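Engineer:
Number of protein chains: 2
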Amino acid sequence: MVVETNLSDAEVDRIFRALADATRRDIVERVLTGEQSVSALADRYDMSFAAVQKHVAVLERAGLVTKQNRGRERLVRGNPDAIRRVQALLDRYERLWRARIDRLDALLAEPEPPSPPAPGQE
Amino acid sequence: MVVETNLSDAEVDRIFRALADATRRDIVERVLTGEQSVSALADRYDMSFAAVQKHVAVLERAGLVTKQNRGRERLVRGNPDAIRRVQALLDRYERLWRARIDRLDALLAEPEPPSPPAPGQE
DNA sequence: TTAACGTACAACCAAATGGTTGTAGAAACT
DNA sequence: AGTTTCTACAACCATTTGGTTGTACGTTAA
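Quick mapping for you: the protein sequence lines, in order, are chains L and F. Numbering-wise (my numbering), the first sequence opens with residue 959 and increments by one. Numbering-wise (my numbering), the second sequence opens with residue 959 and increments by one.
1) In its own chain, which residues sit with a C-beta less than 7 angstroms from the C-beta of Leu977 of chain L, not counting the 5 before and 5 after it?
2) Quick test of the definition: if touching needs 3 or more C-beta pairs under 8 angstroms, does the stretch 1048–1064 of chain F touch the stretch 1038–1048 of chain L?
3) Three-state secondary structure (DSSP) at Arg1035 of chain F?
4) Using a 10 Å radius around the Cβ and a threshold of 16 neighbouring Cβ atoms, would you call Phe974 of chain F buried or exposed?
5) In chain order, what residues of the stretch 977–995 of chain L put their CB closer than 8 angstroms to some CB of chain F?
6) Closer than 7 angstroms between beta carbons: that is the criterion. Which residues of the stretch 997–1021 of chain F meet it against chain L?
7) Please tell me whether Leu1033 of chain F and Gln1026 of chain F are closer than 8 angstroms, where the distance is taken between their beta carbons.
8) Would you say Glu1031 of chain L lies against chain F (beta-carbon separation less than 8 angstroms)?
9) Between which two residues does the beta strand (DSSP E) harbouring Arg1085 of chain F extend?
10) Just reading off the alpha helix (DSSP H) that Ala927 of chain L is part of, what are its end residues?
11) CA-CA distance, Arg1019 of chain L and Glu1031 of chain F?
12) With a 10 Å radius around its C-beta and 16 neighbouring C-beta atoms as the bar for buried, classify Arg972 of chain L as buried or exposed.
13) Sort F:Val1023, F:Ala1067, F:Gln1011 by Cα distance to Val986 of chain F and report the nearest one.
14) Please list the partners that Val1044 of chain F has in chain L, where partner means a Cβ-to-Cβ separation under 8 angstroms.
15) Please check the pair Asp1060 of chain L and Ala980 of chain F, which I expect to be a contact at CB under 8 angstroms, by giving their CB distance rounded to whole angstroms.
Written out as structure tokens, the structure reads:
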């Protein structure tokens, strides 16, 4: 499965920043397990309703959660696409590192010492 | 391959916060591809040396890069372990979401309509 | 209709962030 | 020795962040 990675720097900024807070990560876990209203979420944390509301807003701006109106409630649910996009980013980082290790391994396997060889004139 | 996930909230905070900046993500890419001195990195960005130095310090505190002394230079290199740990975190999130989808699918597959059944008194 | 609930939003505050300049020290070059 | 290079770090500043309280409004319940 190929995941789209067309994310601007600012979008990636918002996603990582949103995940850089334990309360927000906990909210993401809860609403991935099952959707919950903002006040149901707020009951679980030792802070004001408005503070939790702000955290949800940060997650929403980052695209990590969506809100849906039901009566007077706002149901918050997780957005798995955003999570996959971040995973794709980190996969890319790991591939870059792996390519570097492979290059170093190739160098170590060479019989030649670190003399710059001016290649193509063997 | 099983990746250790014994990270405190504060450590995860630092990792995500470190990645929530385009300059720092670019630095991570560069030093994963190959180690570079701080001043070599600073030449590539339109900001002061001290600013780049701060960015490297943020990455180092998050464990995403390490620094090694070579003469008067500090060689910065990426730490792939940290990247794998974040991937493991996101994998966990995605598994949570998948479990939720499976549950919803199971509900939809049930023949019963959404009548709250007062279970055990059929 | 009135009261209670769930939410939105503004105003405010302390602390952290991301940048700057300046000073200073250790290592390398002439 | 003197100078340049690379780094470290302090001080400062504007903006953002993460929390608070208070007010207002739509929705549900009595």
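In this text, a Cβ means the ideal position worked out from N, Cα and C, and glycines have one as well. Only a predicted model underlies this, so the values are computations on that prediction, with no experimental measurement involved.
Structural biologist: Taking the structure as given:
1) Arg983
2) yes
3) strand
4) buried
5) Leu977, Ala978, Asp979, Ala980, Arg983, Val986, Glu987, Leu990, Thr991, Gly992
6) none
7) yes
8) no
9) An answer regarding residue 1085 of chain F cannot be provided, because it is not within the stretch 959 to 1080 covered by chain F.
10) Residue 927 of chain L lies beyond the range of chain L shown here (959 to 1080); nothing can be said about it.
11) 41 angstroms
12) buried
13) F:Val1023
14) Leu1048
15) About 27 angstroms; that fails the 8 angstroms criterion.
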